[in-house]
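Novice: Quick note, the sequence shown lines up with residues 27 to 379 if you use the working numbering.
Even glycine gets a Cβ: it sits at the ideal position worked out from N, Cα and C.
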Amino acid sequence: MPSSGLLLPPTARQEALRGSLSDENLGPGYLVGGMPFEAATAIWERLWTSRYPLAADAFDDGVWRQTRAAAMTRQHVELHPKHVWGLIGVDVDHPDAVLRMVSTVDNHPQPNVIIENPVNGHAHAAWAVTTPINLTNYGSRRSVRYGLSIEEALRRAVGGDPHYPARLIKNPFHPRWMTHFIHADTSTLDRFGGILTPAGHMPGRGWHNQRRRTPVGHSRNETLFHGVRHYAYREMRHHWGDPEGYRAAIAREVAIRNADFAVPLGVTELGHISTSIADWTIRYSRMWNDGPAAYDKAFRAIQAARGRKGGVKGSGRNGGLTGNSRPGGHARGEDRADTSDKLRDMVVTAALL
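1. May I have the straight-line CA-CA distance separating Ser169 from Leu105, to the nearest angstrom?
2. How far does the beta strand (DSSP E) with Val89 in it extend, from its first residue to its last?
3. In whole angstroms, what separates the C-alpha of Arg126 from that of Val184?
4. Should Asn146 be labelled buried (16 or more other beta-carbon atoms within 10 Å of its own) or exposed?
5. Ordered along the chain, which non-local residues of its own chain (more than five positions away) have a Cβ less than 6 Å from that of Ala258?
6. Roughly how many whole angstroms lie between the Cα atoms of Ile208 and Pro135?
7. Buried or exposed for Arg181, please, with buried defined as at least 16 other CB atoms from any protein chain shown within 10 angstroms of its CB.
8. Let me know if Phe85 comes out buried or exposed under the rule of 16 or more other beta-carbons within 10 Å of its beta-carbon.
9. Could you name the residues of the same chain whose beta carbon sits closer than 7 Å to that of Arg110, not counting the 5 residues immediately before and after it, in chain order?
10. Which word fits Glu142, buried or exposed, when buried means at least 16 other C-beta atoms lie within 10 angstroms of its C-beta?
11. If you draw a straight line from the alpha carbon of Ala327 to that of Gly232, how long is it in whole angstroms?
12. Spatial neighbours of Asp117 within its chain, please: CB distance less than 7 Å, with the 5 preceding and 5 following residues excluded, ordered by chain position.
13. State the CB to CB distance for the pair Ala82 and His102, rounded to an integer number of angstroms; the pair is presumed to be in contact (CB under 8 Å).
14. With distances taken Cα to Cα, identify the nearest neighbour of Arg278 among Val131, Ile299, Leu174.
15. Once you ignore the five residues that flank Asn315 on each side, which residues in its own chain have a CB closer than 8 Å to its CB?
16. Below 6 Å CB to CB, which residues in the same chain sit around Pro290 once its five sequence neighbours on both sides are set aside?
17. What is the C-beta distance between Asn138 and Ala152, in whole angstroms, given that I count them as a contact (C-beta under 8 Å)?
18. Apart from the five residues on each side of it in sequence, which residues of its chain come closer than 8 Å, Cβ to Cβ, to Thr37?
19. Rounded to a whole number of angstroms, what is the C-alpha to C-alpha distance between Asp322 and Gly292?
20. So Ile69 is in the alpha helix (DSSP H); what residue range does that whole segment cover?
21. For my contact list, Thr212 and Thr156 are in at a C-beta cut-off of 8 Å; report their separation, rounded to the angstrom.
22. Helix, strand or coil for Gly55 per DSSP?
23. Relative to the C-alpha of Ala281, which candidate in Ala96, Glu295, His264, Glu261 has its C-alpha closest?
24. Within 10 angstroms of its Cβ, does Trp266 collect 16 or more other Cβ (buried), or is it exposed?
25. Quickly, what does DSSP pair Met204 with across the bridge? List them, please.
26. Which residues in the same chain have their Cβ closer than 6 Å to the Cβ of Ala210, if we skip the five residues on either side of it in sequence?
27. Between which two residues does the beta strand (DSSP E) harbouring Trp131 extend?
28. Assuming Ile176 and Leu222 make a contact with CB atoms under 8 Å, what is their CB distance in whole Å?
29. Taking its Cβ as the centre, do 16 or more other Cβ atoms sit within 10 Å of His206, making it buried, or is it exposed?
30. Determine the contact status of Leu80 and Leu194, defining contact as a CB-CB distance below 8 Å.
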């Protein structure tokens, strides 16, 4: 089989050093298990789809996007493209990481590849998904949530690091690591779930919120962004016609929330997050551009709809009707329902004008 061009074949010196456990004399880990270099390269090229991936050696020196060929000279590479999720990654920080990952009987599916640090035994593992998950707004939110649950179940199955953000993975062809290519097959999310569910590894309801309360790594950016953007929608009512004041309020909220992290983000990252939220709201939000009147109409419509819902179904002990738990509650619910219908018609009419 001809060489793919992604990597050069191992040198004679690298082959001679294979299996060494010292930092200075690490062999080409991709030959672990006896798999030919060309076969290992073919598997990785098919599974690893990043065209212009993030890559780094020492994280303190920065992480930036590079060509595939340049990235493959780095110690760490991007696990999957930003918008397409085709590889599920787990980080196991235990000296017996490889043993945990290959002990799959009645526990978890076999990973496609395991990349081990021969000095301490810690390792990354990756599982290939048959149909990569679309992470854009055009993708299925249900598939994304299911994929995250599968990722969490795999982590639990092998005792992985709960704080691993799954953005970068050890480069399987870097001579610092020992890589075990197990197989080249892909699996559907349902097949993953069919193995992980009976084993008791699938997370229960609400685990996403639990994870968000303890953010680290790249998830700090995500946590800040989603938390502050909801705040930004409410805050705009205090800054009509004052975009600079609005920007300052968003920046202040970002800084306040960042201080809650055990390892806060840097000033540059905070600036990017606050600017992104404020700029998008000012440029594209209909509520901002339509002004306070439209905002008040939408707010009243939402409140009325909530009142209508409360009039039909409540938390009372006698049959669950609000009217049975508070005197006059059902009547108030009907009044709110009528008001809701009227306001909804007003909002629809205003939108059509």
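Specialist: With the structure as the only source:
1. Answer to the nearest angstrom: the Cα atoms are 18 Å apart.
2. For Val89, no beta strand (DSSP E) encloses it, and the DSSP letter there is neither H nor E.
3. Near 6 Å, if we compare the C-alpha coordinates of Val184 and Arg126.
4. Classification of Asn146: exposed, given that the 10 Å Cβ count is below 16.
5. Contacts found: Ile276, Ile303, Thr307.
6. For Ile208 and Pro135, the distance between alpha carbons rounds to 11 Å.
7. Flag for Arg181 reads buried.
8. By the neighbour-count definition (other C-beta atoms within 10 Å, threshold 16), Phe85 is an exposed residue.
9. Per the sequence presented here, residue 110 reads as Val, with Arg not at that position. When the five nearest sequence neighbours on each side are left out, the beta carbons in the same chain lying within less than 7 Å of the beta carbon of Val110 are those of Thr75, Pro158, Asn160, Leu161, in order along the chain.
10. That one is buried.
11. Taking the straight line joining both Cα atoms gives about 29 Å.
12. Apart from sequence neighbours up to five positions away, the residues of its chain that approach Asp117 with a beta-carbon distance below 7 Å are His150, Gly186, Asp187, Tyr190, ordered along the chain.
13. Yes, Ala82 and His102 are in contact; Cβ-Cβ is about 5 Å, under 8 Å.
14. Closest by alpha carbon: Ile299.
15. Answer for Asn315: no residue qualifies.
16. Asn284.
17. About 6 Å separates the Cβ atoms of Asn138 and Ala152, confirming a contact at the 8 Å cut-off.
18. Legend: pLDDT at Thr37 = 49, less than 50; position of this residue unreliable, no value from coordinates given.
19. As the crow flies, the alpha-carbon of Asp322 is around 37 Å from that of Gly292.
20. Run containing Ile69: 63-73, per the alpha helix (DSSP H) assignment.
21. About 4 Å separates the Cβ atoms of Thr212 and Thr156, confirming a contact at the 8 Å cut-off.
22. Its pLDDT being 44, under 50, Gly55 is placed unreliably in this model, and the value from its coordinates should be taken loosely. Three-state result, Gly55: helix.
23. Nearest C-alpha to Ala281: Glu295.
24. Around the beta carbon of Trp266, fewer than 16 other beta carbons sit within 10 angstroms, so the residue counts as exposed.
25. Its beta-bridge partners are Glu142.
26. Answer for Ala210: Ile69, listed in chain order.
27. In the sequence as presented, Trp is not what sits at residue 131; that position holds Val. Boundaries cannot be given for Val131, as no beta strand (DSSP E) includes it and DSSP labels it neither H nor E.
28. About 7 Å; that satisfies the 8 Å criterion.
29. Buried, because 16 or more other Cβ atoms sit within 10 Å of the Cβ of His206.
30. Yes, they are a contact pair.
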